[in-house]
Each structure stands twice: as C-alpha cells, then as structure tokens.
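Per full-length UniProt numbering, the very first residue in the sequence shown carries number 1; after that it's consecutive.
Even glycine gets a Cβ: it sits at the ideal position worked out from N, Cα and C.
First up is the structure itself, then whatever we jot down about it.
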Amino acid sequence: MVEEETSPIFIMICLAILIIALVAIILVKSISLIEHLYSYFYKKPLYTHFYVRLKKLSPQHQKFLKQKFVFYTRLSPKQQSFFQHRLITFIAHKSFEGRDDFEITEEVKLYIGATAVMLTFGMRNFLLNRLQKIIIYPDVYFSTINKVQHKGEFNPHLRALVFSWKDFLVGFDTHKDNVNLAIHEFMHVIQINTHNHKNISAVIFSDANKELENLLKQDDLRNKLINSRYFREYAFTNRVEFLAVLVESFIESPQVFKQNFPEFYKKIKEMLNYHFAGY
C-alpha cells in the first residue's frame, strides 16, 4: 500500500493558522500589559465604553431618568446614550420578582437598573454577574437568613438582591442626608463582584480599596472621620460597611465630601472611575 503524502498546501494552511493564533495571543497579552501600565499611572482603563449598536430608551423613560437621577443630567449627550444602552442591557440580564403582592412595573426596573448603572458607569464590566435576581417587598420584610426585619440585603450565595420598596424610594426622595439604601446595597454587590476578578475595572477597584483601608489605619484621619459625624456610625461597623457608607456620601454630597476628606474622596473617585461633571 502506498502512503499518501501530506499536501504542502495543507501544511502551509496549518502553519498560517498557528502563526495567526500566536500573533493574536501576543497582541492580546501586549494590550493587556499596556492597559495595566496605563491604569497604574492614570488610575483608569484605556477605554470604558465600546458598543457596536446602541440601544435607546423611549422618550418617556428618558424623561424619567432626567427627573429622578441628577447624575444622568450631568452627563453629556453622548454619555447619556451610553447610560441608556447600559440600562436596557442591565434590565434584560436580571430577573425582577415582587413579594407580598408587590407589582414589578417598568418604573421599578428603571429605578433599580439606573442605580446599578450609575455606580458602574465608570467601569467597563457593568453587568454585575454575581447578581442574577432582584426581589422587591413593599415594606420592611423578615429575613429568613438573619432572622430579623430588613430594609435590604444582598445574598451572594443566592445571587439575590432584596429591597423594601418603601425604603428604596426614601433614599432618593431625601437628598443630601447621605443615606441611600439602593446605593448602599449595590455597593455590596460591586464589592463581591470585583473580588478576585482580573478585569481591569476590578483591579483598579480592588487596588484603590486597599489604599482606602490603609488610610483608615491612620489614627489622625480615622479620628477626624469619627469626630466629624459626616459619616454615620454604621460606617465603622466593618470595612465592607465603611465603603458602602462612603459611596453614599460620595454620590449625594460630593462637593462636601471632597472639601472635608479629599484623601478618601480621591480613592472613591478612582475606584468608580468617576470623571464627570460634579465629581
């Protein structure tokens, strides 16, 4: 039996595929290295927003955002289009469930989704994959996990975020008191979502968070924080709650925060990659 010889063309095609694959791997690694170096010096990703086709909210829903979210009104028209795209995408990727006869409306989804998009707008990865389900009660509810009445909580094992709708709205209706349930609980989601992740936004977030914790170890700064009473006492429960409370203040009264605690303000700004008007 005569053995068939391997076609030279086939060999050339295989070699070409291997070379292309190798070049692609080198290119990806090089871009990753460049971006990490860039983020080291500038504390932000090379890029944050890139979309093939932008999804757009209805005029009615755009009006809702302008009425309810000061953050959205501070964005440029181009940034607002990015915000809308992210909001539609976020809502489509999450399940919303009402409890105790609470009705999930489009307004409920917009309110919740816009909060998440607002906090992750400076991050490239915004879908918060550690979160799958959002459960809403009309009022405070009994937590089967902690066996106490709750206004809100995040369960990372069930990938579920739970809110009392009454208290959710209070956080947005009362401005500049630096207490916002939605922002607080979503920050817990973001903290879990960035833990041990290697994407550039997670790396920047984690690095800035470590630097923030180091600042807190300085006795003079810690005493200044406590004595100022600008942050409520709950902030000093643990480092997780500390960050969530700081971000509440960062969002609701950024100028006061910046004026009184510029070191902490700078780290929160780096963590969220906020380079927008008002921040």
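How would you write the range of the alpha helix (DSSP H) that residue i sits in, first residue to last?
i: I31; result: P8 to Y42
i: F71; result: V70 to T73
i: E211; result: I200 to L216
When you compare each of the options to residue i by their alpha carbons, which one comes out closest?
i: L119; options: F264, L87 and I134; result: L87
i: E252; options: A208, R53, G171 and I190; result: G171
i: V52; options: H85, I26 and E233; result: H85
i: I145; options: L161, R130 and F96; result: L161
i: T115; options: F205, L65, K147 and R130; result: L65
i: E213; options: I200, N196 and E241; result: E241
i: Y274; options: F121, I192, I190 and A92; result: F121
Mapping DSSP to helix, strand and coil, what is residue i?
i: N155; result: strand
i: V2; result: Because the pLDDT at V2 is just 48, under 50, the model does not fix this residue reliably, and the point stays unresolved.
i: H150; result: strand
i: G113; result: helix
i: F276; result: coil
i: F121; result: coil
i: F126; result: coil
i: F172; result: helix
i: F264; result: helix
i: F250; result: helix
Run through the DSSP bridge pairs and tell me what residue i is partnered with.
i: S164; result: Y137
i: G98; result: I136
Which residues mark the beginning and the end of the beta strand (DSSP E) in which residue i is found?
i: F90; result: First-last for F90: P77 to H93, but that is the alpha helix (DSSP H), not the beta strand (DSSP E).
Throw me the rounded Cβ distance for the residue i and residue j pair, which I believe falls under 8 Å.
i: R99; j: I135; result: 6 Å
i: F163; j: G152; result: 5 Å
Looking at residue i and the ligand SAM, is the gap between the Cβ and the nearest heavy atom below 6 Å?
i: R130; result: Only the bare structure without any ligand can be found here, which leaves the ligand SAM out of the picture.
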